[in-house]
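Chains as they are written, first to last, in our numbering: chain A, 1 to 625; chain G, 1001 to 1102; chain W, 2001 to 2177.
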Amino acid sequence: MIAAAWICLVAPLGAAVAITVAGQRLSRRGAGYLATASVGISFVAALVSFSVLLGDPPHDRSHPSTLWRWLTAGPYHFDLRILVDPLSVFMMLVVAGVGCLIVAYSIGYMDGDDEERRYFAYMALFVFSMLLLVQGGNLLMLLAGWGLVGLSSYLLIGFWHDRPSAIAAAKKAFVMNAIGDATMALALFLLIQRTGSLDFEVVFPRGASFGGWAANLIALGLLGGAVAKSAQLPLQTWLPDAMEGPTPVSALIHAATMVTAGVYLIVRTHALFEAAPRVQELAAGLGAATLLLAGLIALVQTDIKRVIAYSTMSQIGYMFLGAGLGAYANGMFHLMTHAFFKALLFMAAGIVIHALADEQDLRRMGGLRRFLPRTYWAFLVGALALAGVPPFAGFFSKDSILAAALAHGWYGQILWVAGMVGAFLTGLYTFRMLFMAFWGEPSAFVREHFHALRRDVVGVSLAVPVAVLTVLAALGGWLQFAGIWTPVSDWLDPVAPALVEASGLQEAISSLLAVLLGVAGIGAAWWIYGARRAKAPKAQPLLERKFYFDELYDVLFYRPAVLCARGLLALVEQPLVFGSVSGIAEAVRGLGSGTRGLQTGLVRTYALAIAASLAVATVVFVAVR
Amino acid sequence: MKGPDVVWYLAVAAFLFSTGALGVLIRRSPLIVLLSLEIMLNGANLALIAFARQHGRGDGQIFALAVMAVAASEVVVGLGLIVAMARRRLDLDVDKLRTLRG
Amino acid sequence: MGNVLVWAVWVVAAFACLGSGVAVVSFSNPFYSALSLIGNLSSLAVLYLLLSAEFVAAAQVLVYAGAVMVMFLFVIAYLGGRADAPWAGGPSWQALGAVAASAALLVEVIVVIGLKTSGRLSHTARIDSFFGRPYEIGRLFLTDHLLAFELTSIVLLIAAVGGVILGSHSRDPSVEQ
Chain A
1 MIAAAWICLV
11 APLGAAVAIT
21 VAGQRLSRRG
31 AGYLATASVG
41 ISFVAALVSF
51 SVLLGDPPHD
61 RSHPSTLWRW
71 LTAGPYHFDL
81 RILVDPLSVF
91 MMLVVAGVGC
101 LIVAYSIGYM
111 DGDDEERRYF
121 AYMALFVFSM
131 LLLVQGGNLL
141 MLLAGWGLVG
151 LSSYLLIGFW
161 HDRPSAIAAA
171 KKAFVMNAIG
181 DATMALALFL
191 LIQRTGSLDF
201 EVVFPRGASF
211 GGWAANLIAL
221 GLLGGAVAKS
231 AQLPLQTWLP
241 DAMEGPTPVS
251 ALIHAATMVT
261 AGVYLIVRTH
271 ALFEAAPRVQ
281 ELAAGLGAAT
291 LLLAGLIALV
301 QTDIKRVIAY
311 STMSQIGYMF
321 LGAGLGAYAN
331 GMFHLMTHAF
341 FKALLFMAAG
351 IVIHALADEQ
361 DLRRMGGLRR
371 FLPRTYWAFL
381 VGALALAGVP
391 PFAGFFSKDS
401 ILAAALAHGW
411 YGQILWVAGM
421 VGAFLTGLYT
431 FRMLFMAFWG
441 EPSAFVREHF
451 HALRRDVVGV
461 SLAVPVAVLT
471 VLAALGGWLQ
481 FAGIWTPVSD
491 WLDPVAPALV
501 EASGLQEAIS
511 SLLAVLLGVA
521 GIGAAWWIYG
531 ARRAKAPKAQ
541 PLLERKFYFD
551 ELYDVLFYRP
561 AVLCARGLLA
571 LVEQPLVFGS
581 VSGIAEAVRG
591 LGSGTRGLQT
601 GLVRTYALAI
611 AASLAVATVV
621 FVAVR
Chain G
1001 MKGPDVVWYL
1011 AVAAFLFSTG
1021 ALGVLIRRSP
1031 LIVLLSLEIM
1041 LNGANLALIA
1051 FARQHGRGDG
1061 QIFALAVMAV
1071 AASEVVVGLG
1081 LIVAMARRRL
1091 DLDVDKLRTL
1101 RG
Chain W
2001 MGNVLVWAVW
2011 VVAAFACLGS
2021 GVAVVSFSNP
2031 FYSALSLIGN
2041 LSSLAVLYLL
2051 LSAEFVAAAQ
2061 VLVYAGAVMV
2071 MFLFVIAYLG
2081 GRADAPWAGG
2091 PSWQALGAVA
2101 ASAALLVEVI
2111 VVIGLKTSGR
2121 LSHTARIDSF
2131 FGRPYEIGRL
2141 FLTDHLLAFE
2151 LTSIVLLIAA
2161 VGGVILGSHS
2171 RDPSVEQ
């Protein structure tokens, strides 16, 4: 099992290195196969770990494994260490499984691109980083994985590096993630100071023993990192821009795995959050606020990928809501189902984009139902799952979170209301997207530019993962039926025991209302966009400008930073640094040309100099003696 | 025989030396410069001989003979240079020979 | 009577020396300058005789006036018209500086002689009969000042070699100007 876990971790890294070293000797398609195979091996290894772990008794399922002592600094030491326990195996399965499907899909999607090898190397690197993050046995390894996924995200968002918009988006994502990294690092410093170690089994039991402000600061620092990585308020502005990357990148990184790392972090370090209950409630509140904000903005987006991106932001808000209220297993369950249907939606959208020669504007689409029937069905399943319509996956996971919110007390109930509104919005924006793209008469654009998928490897690689995910999105929710059948909660219970348990009545009320609101949203979308019975209301500038967050950050942070930099350049850099160097050169040159005047070349001048110095020297000698 | 004191000879030597120095510094022909140089050397020689007489020892005369030999060698080399310059059609003018100008 | 004679000879020789020295520096024709130098050397020889340095006087006439100056005259004759150069020129500050420097040197030498040797110079030593004779010169060269003797001969050798090299025709006839 330990060996399987290490293989799971290292296989994608090996593929990344191999693709990089092989360079031109490996064909582009070959790089794709290699990357897919390595992630496939990871998945198999994760399955092995899972099945072996199943054999252990439930209370004895935590197996750390140290490779060597990595850092020693005085009394502190940190090991290269992974931990195989229910939570990490859960994440391993999700990451490796969905990752494998998406990398296989990429073979078809990225076919023909000049730099396919680089793409697959980066994808493999990303899978390795994410696995490191979830498998890390101490907070340092988690942080290492954290940073590496940020790096991979930057590399992949800016993959088409001749596009200035892509480069700008990559930088934005990286900088905002770096803010989170900084707060996390500060939290880790505090932890080291208080406990002298970063190992999970040392730090978590001591969670309750920190003072009030220390515990709050640590939790806040970790929350900052989680918020940045998961694109929640207030660090959410990078996620829509990250859609500049290729669609499989959006599917893997910005839907299924990286952005969910924040949720994983909160669940993993729940002991530290429970020691700072106000911060935990803050996390839930931020999640609720984000889910509303994102839902509203998604209503006016015209780019199909951006709708799905805001939808991701919104759904992660649900996960934060769950984790913040102590419903850890519910949050993780929603993470899993979300990975299924969100990746499905992205990949189906990718097929649409490819079929329309890279067009992403919803206003230009229409009537694709006739041209891409199977894609339409896949998209429909994903949309229904997202909207939380039974029996699809989202219904089970989302509603369990909402039920837990209801059980939390007055604060939870406020958030529950927000979640309900969110459910309505989810149905509305999701089906708006579906109706605009697939229903109605085929638009002129579609008639001109549509070209069908090829039947060869490309077509297969695009179709099969979508089909698999369709099945998972349809059936995956049946893994946990709240109150009656809870294998997920039972599995995760030793690691992260839930703080709240919803009663059967609360579950029923929540589910019913959520479904009703979701269907109402679908109906409203159909009324406006499907049957065209009513005109869409004029989009508010507030929504269109994404609540002016970008402008706010520009004024608050970017402009002052640029001013500061310019000021330093003019006042310090130019005169002191450049000036000193060139000043020295000028001085030396001046000295040289001055001295040059002495060399007249005239013998008589030199002789005069000798005679004059002789005269002076004589006087000096005589006077001194 | 009594004659002028050694001081008078030294005065003549001083005059000769400064006259030679003036010639070296002012004249533009290298030949004349060499000749002025000879004047200076002779002034020094006279001073040496005078002091030899004053002390009653022959060391000054030895030195003067050595100076004479060295002066002869120097004239050989100097004239060789001048002849070489003339052969290359260079202007025999120290002010024109300034290729080593910085 | 003898004293007056010595003084008279001294005056004539000294003024001839000084005059010819000034003449060397002043003539624009190098031939006249060389001839003046011969006169200078001869009057110097007389002065040496007055100082009881007979051998040096003879050597002066033979070597200096007889050999070195002849060499000078040969070269001047070889150069012919090209030997004439402008008397002086260049920046005026140079001429001024030259006069100032030489005047300063003259004044300094006299002042130093006056300051440092006051009193002692009036007392000339007694000399024996060997003073200034070849015997004495030879003895000193080969005993007390042997090193100077040998070094001088080496210098002469170097000068001879240098003269030959400088005078030889260069291999590359294109090396002109």
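We put the beta carbon where it would ideally sit given N, CA and C, even for glycine.
Cβ-based burial, residue i [other Cβ within 10 Å; buried from 16]
i, result
"W/Q2060", "buried"
"G/F1017", "buried"
"A/L556", "exposed"
"A/Q413", "exposed"
"W/Q2177", "Because the pLDDT of W/Q2177 is 47, which lies under 50, any placement of that residue in the model is unreliable, and the question is left without a value."
"A/T375", "buried"
"W/C2017", "buried"
"A/K398", "buried"
"W/V2004", "exposed"
"A/Q236", "buried"
"A/W100", "The sequence as given places Cys at residue 100 of chain A; Trp does not occur at that position. It counts as buried."
"A/R604", "buried"
"A/T595", "exposed"
Within chain G, partners of residue i - CB distance below 7 Å
i, result
"A/A611", "A1021, L1025"
"A/Q574", "Ordered by position in chain G, no residue passes the 7 Å Cβ test against A/Q574, which lies about 34 Å from the chain."
"W/S2033", "I1032, L1035"
Residue interval of the alpha helix (DSSP H) (run including residue i)
i, result
"A/T20", "2–22"
"W/H2145", "Taken as a continuous stretch (DSSP letters only), W/H2145 belongs to no alpha helix (DSSP H), as it is neither H nor E."
"W/V2109", "2092–2116"
"A/D399", "393–406"
"A/P560", "559–568"
"W/F2052", "Checking the sequence shown, residue 2052 of chain W turns out to be Ser, not Phe. Looking at the DSSP string, W/S2052 is not in any alpha helix (DSSP H), and its letter there is neither H nor E."
"A/H59", "Counting along the chain, A/H59 falls outside any alpha helix (DSSP H), and DSSP gives it neither H nor E."
"A/Q413", "410–438"
"A/P277", "277–298"
"W/W2010", "2002–2026"
Where residue i meets chain A, residues with beta-carbon distance less than 9 Å
i, result
"W/Q2094", "L602, R604, T605, L608"
"W/L2105", "A611, L614, A615, T618"
Residue i: first and last residue of the uninterrupted beta strand (DSSP E) it sits in
i, result
"A/P64", "63–73"
"A/V641", "Lying before the first or after the last residue shown, residue 641 of chain A is absent from chain A, which here runs from 1 to 625."
"A/D79", "76–84"
Chain-ordered neighbours of residue i on chain A, where CB pairs are closer than 8 Å
i, result
"W/V2112", "T618, V622"
"G/V1094", "L602, V603, R604"
Chain G contact residues for residue i, given Cβ-Cβ distances below 9 Å
i, result
"W/V2099", "L1022, L1025, I1026"
"W/E2136", "G1058, Q1061"
"W/A2058", "Near W/A2058 there are no residues of chain G at all, since even the closest Cβ is about 11 Å away, more than 9 Å."
Beta-carbon neighbours of residue i, restricted to chain G and to distances below 8 Å
i, result
"W/L2041", "N1042"
"W/T2143", "What W/T2143 touches in chain G: nothing, since even the nearest Cβ is about 11 Å away."
Under 9 Å from the C-beta of residue i: neighbouring residues of chain W
i, result
"G/L1046", "C2017, L2044, L2047, Y2048, L2051"
"G/L1037", "Here the premise fails: no neighbours, minimum Cβ distance about 10 Å."
Residues that residue i contacts on chain B, provided the C-beta gap is smaller than 7 Å
i, result
"W/E2108", "Absent from the structure is chain B; the protein chains it does hold are A, G and W."
Within chain W, partners of residue i - CB distance below 7 Å
i, result
"G/L1081", "L2166"
Under 8 Å from the C-beta of residue i: neighbouring residues of chain W
i, result
"G/L1097", "Chain W residues near G/L1097: none, gap ~11 Å exceeds 8 Å."
Discussion item. Assess contact between the stretch 428–435 of chain A and the stretch 523–534 of chain A, defined as three or more Cβ pairs (one per stretch) separated by less than 8 Å. Is contact present?
Written reply: yes
Worksheet item: Pairing CB atoms from the stretch 29–48 of chain A with CB atoms from the stretch 120–135 of chain A, are three or more of them under 8 Å?
Response: yes
Practice prompt. Spell out a yes or no on whether the stretch 288–304 of chain A and the stretch 358–369 of chain A are touching, meaning 3 or more CB-CB pairs, one atom from each, closer than 8 Å.
Written response: yes
Item to complete: Counting only runs of 4+ residues fully inside the stretch 168–243 of chain A, write out the alpha helix (DSSP H) ranges in chain order.
Response: 200–203, 212–229, 238–241
Fill in: Ranges of the beta strand (DSSP E) found wholly within the stretch 1024–1098 of chain G, counting only runs of at least 3
Runs of the beta strand (DSSP E) inside the stretch 1024–1098 of chain G: none found.
Fill in: Touch test, the stretch 271–287 of chain A against the stretch 310–329 of chain A, Cβ-Cβ under 8 Å, three pairs minimum
yes
Discussion item. Within 8 Å, do at least three Cβ pairs link the stretch 508–519 of chain A to the stretch 423–430 of chain A?
Written reply: yes
Fill in: Cβ contact check for the stretch 217–235 of chain A and the stretch 106–126 of chain A: 3 or more pairs under 8 Å
no
Worksheet item: Are the stretch 499–511 of chain A and the stretch 72–82 of chain A in contact at 8 Å, needing three or more beta carbon pairs?
Response: Taking one beta carbon from each stretch, the stretch 499–511 of chain A and the stretch 72–82 of chain A have fewer than 3 pairs nearer than 8 Å; the two do not touch.
Item to complete: Please list the segments of the alpha helix (DSSP H) lying wholly inside the stretch 341–380 of chain A, counting only runs of 4 or more residues, in order along the chain.
Response: DSSP runs (the alpha helix (DSSP H)) wholly in the stretch 341–380 of chain A: 368–371.
Worksheet item: What are the uninterrupted segments assigned as alpha helix (DSSP H) that are 4 or more residues long and contained completely in the stretch 456–536 of chain A, given in chain order?
Response: Complete alpha helix (DSSP H) runs here, min 4: 457–475, 487–492, 504–525.
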